[in-house]
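Colleague: First, the structure itself, so that you have it in front of you.
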Amino acid sequence: DSGVTQTPKHLITATGQRVTLRCSPRSGDLSVYWYQQSLDQGLQFLIQYYNGEERAKGNILERFSAQQFPDLHSELNLSSLELGDSALYFCASSIQGAGGQETQYFGPGTRLLVL
Amino acid sequence: QKEVEQDPGPLSVPEGAIVSLNCTYSNSAFQYFMWYRQYSRKGPELLMYTYSSGNKEDGRFTAQVDKSSKYISLFIRDSQPSDSATYLCAIPPPIQGAQKLVFGQGTRLTINP
């Protein structure tokens with residue numbers, strides 16, 4: 029158990045809908061990362077937040093947005109869902125996220141299926 | 028060209044065999060190199076990381092970096108069925124004040140008893 033929790037574990041929804049994925053980082057970790065894992069693209073970095081502020085952005089679609097709240101939990105919002113958004117979404121956390129060899133601890137993921 | 032390339036396998040070997048997993052990368056500025064292990068339906072977990080060229084050993088696992096060839100390897104000695112998982116190489120690009128990870132595609136490994 030990494031100490032990172034994600035809810036829900038599974039999500040089935042229809043195209044065009046909007047969903048919210050939630051992540052609670054390990055106690056004391058200030059950085060939260062979101063990744064998308066699909067069969068064809070592998071594990072792709074979406075966005076990083078540090079202590080409530082956006083710190084780094086990857087290939088995150090405009091239909092996707094995230095935020096980190098004062099209690100440090102984070103939410104990833106996916107809107108106007110398409111079939112291709114079906115994937116595993118992972119949250120990870122680390123103490124600072126300032127670079128180097130700092131370990132990122134991954135949650136168990138949310139499996140999203142868009143029908 | 029992808030920043031990190033990894034043969035997705037799958038790779039299947041008998042128990043006790045030595046396993047070699049490899050990645051290549053394109054950016055010579057990369058400094059840290061990590062290996063994550065991901066069991067089915069679980070999140071990735073950090074297995075090892077290295078900073079410089081050469082070898083780093085941890086039990087049955089050895090991570091090797093060749094910066095001149097931009098090539099990283101993970102060796103597993105005396106492989107066990109419990110090592111069956113997907114192994115991902117991961118590299119944090121040197122972005123000041125941020126740490127995204129760039130992952131290889133992952134190699135699915137099966138150790139057969």
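Protein chains in written order, with the working numbering: chain A, 29 to 143; chain B, 28 to 140.
We treat Cβ as the ideally placed atom computed from N, Cα and C, and that holds for glycine.
Using a Cβ-Cβ distance under 7 Å, would Ala125(B) count as near chain A?
Modeller: Judged by the 7 Å Cβ criterion, Ala125(B) is in contact with chain A.
Colleague: Closer than 7 Å, Cβ to Cβ, to anything on chain B: give me those residues from the segment 63 to 97 of chain A, in chain order.
Modeller: Answer in chain order: Gly70, Leu71, Phe73, Gln76, Arg83, Ala84 and Gly86.
Colleague: Would you identify the three-state DSSP class for Gly70(A), choosing helix, strand or coil?
Modeller: Strand at Gly70(A).
Colleague: Residues in the same chain with beta-carbon distance under 7 Å from Ile88(A), minus the five sequence neighbours each way, listed in chain order, please.
Modeller: For Ile88(A), where only same-chain residues beyond five positions count, the Cβ hits under 7 Å are Leu74 and Ile75.
Colleague: Could you confirm whether any beta carbon from chain A is found closer than 7 Å to the beta carbon of Phe26(B)?
Modeller: No answer is possible for residue 26(B): the residues shown for chain B start at 28 and end at 140.
Colleague: Have a look at His101(A), Tyr61(A), Leu106(A) and Asp113(A) and flag the residue whose alpha-carbon is nearest the alpha-carbon of Ser55(A).
Modeller: For Ser55(A), the nearest C-alpha among the options comes from His101(A).
Colleague: Rounded to whole angstroms, what is the Cα-Cα separation between Glu42(B) and Leu136(B)?
Modeller: In a straight line, the C-alpha of Glu42(B) is about 12 Å away from that of Leu136(B).
Colleague: With 8 Å as the limit, tell me which residues of the segment 112 to 132 of chain A have their beta carbon closer than that to any beta carbon of chain B; keep them in chain order.
Modeller: Against chain B - using a Cβ distance shorter than 8 Å - the residues of the segment 112 to 132 of chain A are Phe118, Ala120, Ser122, Gly125, Ala126, Gly127, Gly128, Gln129, Glu130, Thr131 and Gln132.
Colleague: Does the contact criterion of 3 or more C-beta pairs under 8 Å hold for the segment 122 to 131 of chain A versus the segment 34 to 44 of chain A?
Modeller: Verdict: no, contact absent.
Colleague: Per DSSP, what kind of secondary structure is Ser109(B) in: helix, strand or coil?
Modeller: Here Ser109(B) sits in helix by DSSP.
Colleague: By a C-beta neighbour count over all protein chains shown, 10 Å radius and 16 as the cutoff for buried, is Ile99(B) buried or exposed?
Modeller: Buried, since its Cβ has 16 or more Cβ neighbours within 10 Å.
Colleague: Taking the CB atoms as reference points, tell me whether Thr77(B) and Phe60(B) lie closer together than 7 Å.
Modeller: Contact: yes.
Colleague: Give me the Cα-Cα distance between Ser66(A) and Arg50(A), rounded to the nearest whole angstrom.
Modeller: The straight-line gap from Cα to Cα measures roughly 19 Å.
Colleague: Residues in the segment 74 to 93 of chain B with C-beta within 8 Å of chain A's C-beta atoms, listed in sequence order?
Modeller: The segment 74 to 93 of chain B vs chain A, Cβ under 8 Å: Tyr76 and Tyr78.
Colleague: With 9 Å as the limit, tell me which residues of the segment 30 to 48 of chain A have their beta carbon closer than that to any beta carbon of chain B; keep them in chain order.
Modeller: Taking 9 Å as the Cβ-Cβ cut-off against chain B, the residues of the segment 30 to 48 of chain A that qualify are Ser30, Val32 and Gln34.
Colleague: Going by C-alpha distance, which of Tyr78(A), Val142(A) and Pro36(A) is nearest Asp112(A)?
Modeller: For clarity, residue 112(A) is Gly in the given sequence; the question names Asp instead. Considering only alpha carbons, the answer is Val142(A).
Colleague: Which residues of chain A have a Cβ atom closer than 9 Å to the Cβ of Leu115(B), listed in chain order?
Modeller: What Leu115(B) touches in chain A: Gly70 and Leu71.
Colleague: Measuring CA to CA, which of Leu140(A), Phe134(A), Gln124(A) and Gly137(A) is closest to Arg83(A)?
Modeller: Here the closest residue by C-alpha is Gln124(A).
Colleague: With a cut-off of 8 Å on the beta carbons, I'd call Gln126(B) and Ala126(A) a contact; round off their distance for me.
Modeller: Between Ala126(A) and Gln126(B) the Cβ distance is about 7 Å, and since that is below 8 Å, they are a contact.
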